[in-house]
Each structure stands twice: as structure tokens, then as C-alpha cells.
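*Asks:*
Numbering (my numbering), first residue to last: 2 to 107.
Okay, structure coming up:
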């Protein structure tokens, strides 16, 4: 089951990065100011949380095809991932801060 969980983590990271880049493009920014990252993350997390679950489930179905473990298994993992909203927001905030540091220090 570890590989399924790691695939879910990779899909979530991809989703966050894609939405981060869309936010930058939409607002014509090169990066999000440090003092605004948390607010942006909270807003995006709240607005996109349910869509993220659907994205992960559909992506896994496409990736795994006949090896897809079923919606119930995937949804149970997602429930565990999303059970603590504050933790998720903190984690996403840290990932965006780290990502911005990596692209601005090049």
C-alpha cells in the first residue's frame, strides 16, 4: 500500500504546483509575497479541496487501470490525508515557500 500512498502524495504535489503556477499566471506574478503565502494557500485549499480529491481519484484510475484498488480504498487514504486542515495548510505553505526559494535562488 506504500506505493499507492506515495502516488497520492505525488499527485497532490503536482496538483498544488499546477494551481500555484495558475495563480501566478492569473494574477500576473512571478512569486507570492512571503506575507501573503498563508492567505493564498488557505484560499486555494478551501476552494480546491474537493476538486483535489476528484483529481487524485481520476488520475489513479488512469494510471493504475486494472490495478486500481477501488474508490473506497483511495477515499480512505484521502480522508487520512485531509483529516487535519490546519496541518495540510501548514504543509502546503512550507512547500510553496521552499519551491519559491528554489526558483528565486537559481
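Beta carbons are placed, not taken as given, at the ideal position from N, Cα and C, and that holds for glycine.
Given a cut-off of 9 Å on the beta-carbon distance, is the pair residue 79 and residue 62 in contact?
*Replies:* Not closer than 9 Å, so no.
*Asks:* One question on the structure: do residue 21 and residue 100 come within less than 9 Å of each other, judged by their Cβ atoms?
*Replies:* Against a cut-off of 9 Å, the Cβ pair of residue 100 and residue 21 comes out as a contact.
*Asks:* By Cβ distance below 7 Å, which residues in the same chain neighbour residue 49 in space, the five residues on each side in sequence not counted?
*Replies:* Within the same chain, residue 49 has close Cβ partners 20.
*Asks:* Mind checking residue 33: buried by the 16 CB within 10 Å criterion, or exposed?
*Replies:* By the neighbour-count rule (16 or more Cβ atoms within 10 Å), residue 33 is buried.
*Asks:* Can you tell me where the alpha helix (DSSP H) with residue 81 in it begins and where it stops?
*Replies:* Where residue 81 is concerned, the enclosing alpha helix (DSSP H) stretches over 72-82.
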